[in-house]
Amino acid sequence: MALLLSIFQVLYVLGFFIGASILFDYDLTYVHCTPVTARSAYMSLTVLSILFIQLFALTEFRRLLRRNTQFLQKHNESLSERYQIKENIRTLKLLLPLVETQFALNFIPILMWLTYAFTSNSYDSRDYPIFEESINRAYLWISHAVPDNSKRS
177 MALLLSIFQV
187 LYVLGFFIGA
197 SILFDYDLTY
207 VHCTPVTARS
217 AYMSLTVLSI
227 LFIQLFALTE
237 FRRLLRRNTQ
247 FLQKHNESLS
257 ERYQIKENIR
267 TLKLLLPLVE
277 TQFALNFIPI
287 LMWLTYAFTS
297 NSYDSRDYPI
307 FEESINRAYL
317 WISHAVPDNS
327 KRS
């Protein structure tokens, strides 16, 4: 199952990049400082699929943690099986905050893209590059809110 999900993720990323290179419709006669063209607003909406994938990952991590915890409490398994389940629980408890943080960090820019997409008629189309660049900087803004644990001993 894990191998199948990994293959799906690789194919999804490759498809996303190939689709982006086709749909952005670059004019190669001059240099672009940002990937914004007349059709890139539609391509930006495909980023919404990332939110659904991360929501799926978040729910699956929580479900697996609950299932492993219940399994450990209800069943009397051998020592090696209990050790493996405990290792799974420790790993899930370690990875769950990372998945939650990644979901939160991607939710804000995607929400901003959706806001722009549904209200874009009221904006000047020349404002879109500035809007897209400010969304790309959202990770930098939010990164100040995440504590730096590298200084712990």
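Okay, so the sequence shown: first residue is 177 according to the working numbering, each after it adds one.
For every residue, glycine included, the Cβ atom is placed at its ideal position computed from N, Cα and C.
Do you know offhand how far L181's Cα is from F228's?
Residue 181 sits at position 5 when you count from the first residue of the sequence shown. Residue 228 sits at position 52 when you count from the first residue of the sequence shown. L181 and F228: Cα-Cα distance of roughly 15 Å.
3 or more residues per run - each beta strand (DSSP E) lying fully within the segment 217-262
none
How about L231 and F279: are their beta carbons less than 8 Å apart?
The residue labelled residue 231 in the question sits at position 55 within the sequence shown. The residue labelled residue 279 in the question sits at position 103 within the sequence shown. Cβ atoms of L231 and F279: closer than 8 Å.
Hey, how far is the Cα of T291 from the Cα of R266?
For the purposes of this step, residue 291 is taken as the residue at position 115 of the sequence shown. For the purposes of this step, residue 266 is taken as the residue at position 90 of the sequence shown. Their backbone Cα atoms lie some 38 Å apart in a straight line.
Verify whether the separation of the beta carbon atoms of F237 and L187 is less than 8 Å.
Within the sequence shown, the letter at position 61 stands for residue 237. Within the sequence shown, the letter at position 11 stands for residue 187. Their beta carbons are not under 8 Å apart, which means F237 does not touch L187 by this criterion.
Measure the alpha-carbon distance for R243 versus K250 and round it to whole angstroms.
Here residue 243 corresponds to residue number 67 of the sequence shown, with the count starting at 1. Here residue 250 corresponds to residue number 74 of the sequence shown, with the count starting at 1. Cα to Cα, the separation comes out at about 10 Å.
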